[in-house]
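Participant:
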């Protein structure tokens, strides 16, 4: 875990660094994706929970998930043909 995330977790304070690529606008997870992952590693998040953390609808999360899975399928299909 990054030093800033460890500090935020230890002090239980929201991450102030909005320029960080891991910053999310979700105070329950101290605004950090690393802390969100650490807190929720024992179970999967629902699409709604992911949407809440990212500030988008669960339908949009589903669309992104479907697009990502299609990309992975294409890559795997391409690798199998070699």
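Residue numbers (our numbering): 865 to 946.
Note that the Cβ used here is the ideal one computed from N, Cα and C, for glycine as well.
Computed from a prediction, not measured in an experiment: that's the story for all the values here.
Is residue 886 closer than 7 Å to residue 897 when the C-beta atoms are compared?
Facilitator: Contact flag set, yes.
Participant: From what residue to what residue does the alpha helix (DSSP H) around residue 882 run?
Facilitator: Counting along the chain, residue 882 falls outside any alpha helix (DSSP H), and DSSP gives it neither H nor E.
Participant: Could you please give me the residues that DSSP links to residue 896 through a beta bridge?
Facilitator: The partner list for residue 896 (beta bridge, DSSP) reads 887.
Participant: Just to confirm my understanding: we take residue 919, look at its own chain, exclude 5 residues before and 5 after, and list those with CB closer than 7 Å. What are they?
Facilitator: The answer, listed in chain order, is 889.
Participant: According to DSSP, is residue 935 part of a helix, a strand, or is it coil?
Facilitator: Helix, per DSSP.
Participant: Please state the DSSP three-state secondary structure of residue 940.
Facilitator: Correct three-state label for residue 940: helix.
Participant: Would you mind sorting residue 930 into buried or exposed? The rule is 16 or more other CB atoms within 10 Å of its CB.
Facilitator: It counts as exposed.
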